[in-house]
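> Position one of the sequence shown corresponds to residue 84 (our numbering), numbered consecutively onward.
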Amino acid sequence: MTHFDVFNGDADGLCALHQLRLATPLGATLITGVKRDIALLGRVPAVAGDAITALDVSLDVNRAALLALLERGVSVTYFDHHGSGQVPQHARLHAFIDTAPNVCTGMLVDRHLGGVHRVWAIVAAFGDNLARAAEKLAQSLALEPGQLTALQQLGECLNYNDYGDSEADLIVHPAILYRILHRHADP
84 MTHFDVFNGD
94 ADGLCALHQL
104 RLATPLGATL
114 ITGVKRDIAL
124 LGRVPAVAGD
134 AITALDVSLD
144 VNRAALLALL
154 ERGVSVTYFD
164 HHGSGQVPQH
174 ARLHAFIDTA
184 PNVCTGMLVD
194 RHLGGVHRVW
204 AIVAAFGDNL
214 ARAAEKLAQS
224 LALEPGQLTA
234 LQQLGECLNY
244 NDYGDSEADL
254 IVHPAILYRI
264 LHRHADP
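1) Quick one: residues in its chain with C-beta nearer than 8 Å to the C-beta of E239, no 5 flanking neighbours on either side, listed in chain order?
2) Thinking C-alpha only, which one of Y243, R215 and Y246 is nearest L231?
3) Enumerate in chain order the residues of its own chain whose CB-to-CB distance from R146 is below 8 Å, with the five nearest sequence positions on each side excluded.
4) When we look at the beta-carbon of N242 and count the other beta-carbons within 10 Å, is it buried (16 or more) or exposed?
5) Assuming I135 is part of the beta strand (DSSP E), what are its boundary residues?
6) Just checking, does the region 177-189 make contact with the region 126-134 on the three C-beta pairs under 8 Å criterion?
7) Report all residues from its chain with a CB closer than 8 Å to the CB of A268; omit the five preceding and five following residues, and keep chain order.
8) Determine the direct distance from the alpha carbon of G92 to that of D252, and round the result to whole angstroms.
9) What does a CB cutoff of less than 6 Å around V140 pick up in its chain, not counting 5 residues either side in sequence?
10) Taking the alpha-carbon positions, what's the T182 to G166 distance?
11) Which class does Y161 belong to by DSSP, given the choice of helix, strand or coil?
12) How long is the line joining the alpha carbons of N244 and A148, rounded to whole angstroms?
13) Leaving out five residues before and five after L196 in sequence, what residues of the same chain have Cβ atoms less than 7 Å from its Cβ?
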């Protein structure tokens, strides 16, 4: 069985995946791209018995590819906060979707994991321009003001790295950036 981690390469997608893999380490093939390149499920060469974790990529945009993967016998776990339309009901789909305006995918993963790597959800929220939500999450960690400022800067920098028309426009490719982040349990 092959596992694929499919994620938006911005701060939210990076930090959502990072939290998950800190909690459940797994060797996976990474599939990502520039910030606006979210039709990623169609690039996954999965076959029956494989598994995909999709993070911070619109289910609605990826609907046709998702349905095709499910019909091929692929299991999909999906975390996202973007407009999803009707979420398909399928035995191999485990969807964690919340489209509330004050939620990002990193926060959904934080909720799913019970806050065990909350600091990364804070980075994700700051990166997704959800400062109030990030500050609210931070209250449970009793962070110093300087620490909170550093998390905000990290979130914004991770997010801006992923802006570009092509991968050549990026400072660091998101898959490489994820591997760098993943060396650190704490920012």
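Ideal Cβ positions, reconstructed from N, Cα and C, are used throughout, including at glycine. This structure is a prediction, so every number in the text was calculated from the model and none was measured.
According to the data block:
1) A94, F209 and G210
2) R215
3) G168 and P171
4) buried
5) A134 to L138
6) no
7) L105 and H200
8) 13 Å
9) N91, I121 and L123
10) 6 Å
11) strand
12) 27 Å
13) Q102 and A106
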